[in-house]
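What follows is a set of notes on a single structure, which appears directly below.
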Amino acid sequence: MTEPSLKASVPSAKAAVAEPTAVLSTEQLLPMYRMMFLIRRVEESLLELAESGKIGGAMHTAIGHEAAAVGMAAALRKEDYLTCTYRGHHHSLARGMDPKRAICEVLGKAPGFAKGKGGSMHFVDPSLGLMGANGIVGAQVPHAAGMALASKIRGEDRIAITFFGDGAMFQGVMHETFNMAQKWKLPVIFYCENNRYSEMTPISRTSSVSELYLFVRAYGMESMQIDGNDVEIVYDAVSKAAARARAGEGPTFIEGITYRLAGHMAGDLETYRTPEEIEMQRAYEPLARLHQKLLDRGVAEEELNKIRAEVEEEVQEAVDYALEAPWPDIAEAYTDVYKV
Amino acid sequence: MRKTTFIQAINEALREEMRRDERVFLIGEDIGYYGGLFRVTRNLLEEFGDRRVIDTPISEQGFMGMAIGAAMVGLRPIVELMYMDFYLVCADQIFNQAAKMHYMTGGLLHVPMVIRGQQGGGKRYGSQHSSCVESNFAQFPGIKVVAPATPYDAKGLLISAIRDDNPVLFLEHKMLYFTRGDLPDEGVEYTVPIGKADIKREGKDLTIATFSYTLLQALEAAEELKAEYGIDVEVVDLRSVTPLDMETVYTSVAKTGRLLAVHESQANAGIGAEIVARIYEEAPDLLKAPARRLGMAPAPIPVSKVLEEELLPWKNDIKATVLSMLK
């Protein structure tokens, strides 16, 4: 069932962006390492909670995707708008969402950011520029373009970024949005987290082209393919795209090659790939690579161990808090239908 | 007071609100340079420029989604759908996104926007350009639906819709566009509240509850029923479909004892069925005779004049239904 071409493929940095080394200082990378490990541990904890039956519905984790979120958060301003796909826990955590409130929301508990009404697929916090993860593939992409349009109408230099997967590339609304964003030179960044599976199907089985970043060239849009598992490369690409957007030069499309180490969603049987394929990809996953990079730069293993131990404690505390947290008042079922 | 067309009333509401509030902008197909297929947005590009009157490609999903995004960060977009039938092209953005956004974010986001455009039969546009869509929208909490029938109500309700913090569907009917009515002088500010019905004709024998173009058809039917049979029909203009003002309907039926709900969209599973169900649930004792609904038969709208007239539930059907209810 697995595609031979996929088995052989590894994340590659084909275009535009410079060598991965020395874009950021070690001092800048250490908090990014911390955040990537925090995302990893939150996601793994959520999967355990799902397996124990404490989380219902569809939950999509971003294990393996951490670099895209953490590189982005370092490259953008806090007030810049962000929308993303339902695989969106990592973007929110990277932008500063409290893991306690995040886990509460996924469990449907009252302290969740949306009082338990949104859940895993609808991470949101406007105070952090998080303008909504979305349950419909591609639907959040015009929203980000509309936020960029709002900045243009108001004459502000606030930009927007939207994250989506490779599978979203074939929704019609994507291409409608690419065309308008380019035509109107909107300050928006389109970031495709290409993990090479559209849900359970290898993208190579459904796409008519092999390189997704080439699609938008037809609209005249600046685009690049990067190694989306290297946090420095992501940071560099998003920084440059943001500078272009703020300078009025219009949108940029970034295809960050990555790999989803966990299933599409909690409970995914993963019959579409082999354990060997996943094992091979572990050599390229972002957290392991940043770990090695920091060691290569002379950071002591003990320092990284200390960071990880702190994170373990913080995440465990958040999980315990969420498990103990109260359910929402049942009257909440009827509120927020209309804004009054 | 002066007489204006329905189109002029909408154009004035757009212009006055755009002057008053710089967060308001227009987006849609052919609305700027051309002034709108039905000329509703004429002269607005000239006054407000292309930052606030935005001509789009034919990409309903894309520009509806962009308007929603702009509304989520505090602007007040007004989206024109050239024909209301096209809402189906961008239904995900309207229903899954705009209508649910406030709820699924626990109140953190809201979408203050207006979707407006014309709908309805009578001009031989055929199956994909003539539908009335209000009943479809009534199934979705989170979006308000208004459907005025007079220039006065159109202007006042559109201003209320623009100022509302929720998505509002503003339904115009193509047969209403060139009808004329009284309007306060330009610059005299007034609004018509969303969710409040208005009694357009008083009577004692039977209540017709309707809205949009069938309101004019019901008023004509009422005059003829009076002249020909001495039947005195009260006509309630609901003006809003969501929320429905059932209180005004009940007050009227308390007087007449009979209720007929009329609309142009199909009768089957339509808003008329809801109105009739509501009176049986909430105020059955007001009825002296069974309440009824009248809408279109469950068929797409054909082009041929004779076939279209056969299907539309207009004056003659209203008269016949009233007569059968009073037998």
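So the sequence lines, in the order shown, correspond to chains A and B.
The opening position of the first sequence corresponds to residue 1456 in our numbering, with each subsequent residue numbered one higher.
The opening position of the second sequence corresponds to residue 176 in our numbering, with each subsequent residue numbered one higher.
Glycine included, each C-beta is placed from N, C-alpha and C at the ideal position.
- Residue state for Phe1708 (chain A) is assigned as strand, using DSSP reduced to three classes.
- Taking the CA atoms as reference points, Gly296 (chain B) sits about 29 angstroms from Leu501 (chain B).
- It is roughly 18 angstroms from the alpha-carbon of Thr231 (chain B) to the alpha-carbon of Gly1675 (chain A).
- Neighbours of Ile243 (chain B) in chain A, taken as residues whose beta carbon is under 7 angstroms from its own, are His1598 and Gly1601 in chain order.
- With a cut-off of 8 angstroms on Cβ pairs, the segment 1684-1692 of chain A is in contact with the segment 1738-1748 of chain A, counting three or more such pairs.
- The beta-carbon of Pro1566 (chain A) is placed no less than 8 angstroms from the nearest beta-carbon of chain B.
- Phe345 (chain B) is positioned such that its CB atom lies no closer than 8 angstroms to that of Leu358 (chain B).
- The beta carbon of His1515 (chain A) is closer than 6 angstroms to those of Tyr1541, Arg1542 and Met1720 in its chain, skipping five residues each way along the sequence.
- Ile493 (chain B) and Val437 (chain B) do touch by the CB rule: their CB atoms are close to 6 angstroms apart, below 8 angstroms.
- Under the DSSP assignment, Asn1649 (chain A) falls outside any alpha helix (DSSP H), being part of the beta strand (DSSP E) whose first and last residues are Val1643 to Asn1649.
- At the C-beta level, Met247 (chain B) and Phe223 (chain B) stay beyond 8 angstroms of one another.
- Going by beta carbons, Ile1608 (chain A) and Pro1706 (chain A) fall outside the 8 angstroms limit.
- Contact annotation: Val1693 (chain A) and Phe1633 (chain A) have beta-carbon atoms that are not nearer than 8 angstroms.
- Per DSSP, the beta-bridge partners of Arg376 (chain B) are B:Val410.
- Separation of the CB atoms of Gln1736 (chain A) and Glu1710 (chain A) is rounded to 17 angstroms, and the pair is thereby denied contact status at 8 angstroms.
- Taking 8 angstroms as the upper bound for CB-CB distance, Asp420 (chain B) and Gly378 (chain B) are not in contact here, some 18 angstroms apart.
- Unbroken alpha helix (DSSP H) runs of no fewer than 4 residues, entirely contained in the segment 1721-1777 of chain A, are found at 1730-1736 and 1741-1751, following chain order.
- Scanning chain B for C-beta atoms nearer than 8 angstroms to the C-beta of Gly1587 (chain A) yields Met247, Met276, Thr280 and Leu284, reported in chain order.
- At a beta-carbon threshold of 8 angstroms, the residues of chain B lying near Gly1573 (chain A) are Met279, Thr280 and Gly281, ordered along the chain.
- Of the candidates A:Gly1703, A:Phe1625 and A:Gly1574, the residue whose Cα lies closest to the Cα of Asp1612 (chain A) is A:Gly1703.
- In the three-state DSSP reduction, Phe1568 (chain A) falls in the coil class, being neither helix nor strand.
- Listed in chain order, the non-local C-beta contacts of Leu400 (chain B) below 7 angstroms within the same chain comprise Ile406, Val408, Lys494 and Val497, local neighbours out to five positions each way being set aside.
- Residue-level contact by beta carbon holds for Asp1580 (chain A) and chain B, with a gap shorter than 8 angstroms.
- Bounds of the beta strand (DSSP E) holding Arg467 (chain B) are Arg467 to Met471.
- If you draw a 10 Å sphere on the C-beta of Asp1751 (chain A), you find fewer than 16 other C-beta atoms in it, and that means exposed.
- Counted as a single uninterrupted DSSP element, the stretch harbouring Ile243 (chain B) is not any beta strand (DSSP E) but the alpha helix (DSSP H) occupying residues Glu235 to Met247.
- In terms of Cβ geometry, Gln294 (chain B) and Met259 (chain B) form a close pair [threshold 8 angstroms].
- Distances from the alpha-carbon of Phe1619 (chain A) to those of A:Ser1653, A:Gly1718, A:Arg1556 and A:Pro1554 put A:Ser1653 closest.
- Around the C-beta of Asp360 (chain B), fewer than 16 other C-beta atoms lie within 10 Å, and the residue is accordingly described as exposed.
- C-alpha of Ile253 (chain B) to C-alpha of Val1561 (chain A): approximately 34 angstroms in a straight line.
- In the displayed model, Gly292 (chain B) falls within a strand according to three-state DSSP.
- Of the candidates A:Val1478, A:Leu1548, A:Leu1504 and A:Ile1510, the residue whose Cα lies closest to the Cα of Ile1494 (chain A) is A:Leu1548.
- The continuous alpha helix (DSSP H) containing Phe1633 (chain A) extends over residues Gly1627 to Lys1638.
- A Cβ-Cβ separation of about 19 angstroms leaves Val410 (chain B) out of contact with Arg355 (chain B) under the 8 angstroms criterion.
- Judged by pairs of C-beta atoms under 8 angstroms, the segment 1500-1509 of chain A does not touch the segment 1577-1590 of chain A, as fewer than three such pairs exist.
- Contact check between the segment 1588-1607 of chain A and the segment 299-312 of chain B: fewer than three CB pairs, one atom from each, fall below 8 angstroms, which does not count as touching.
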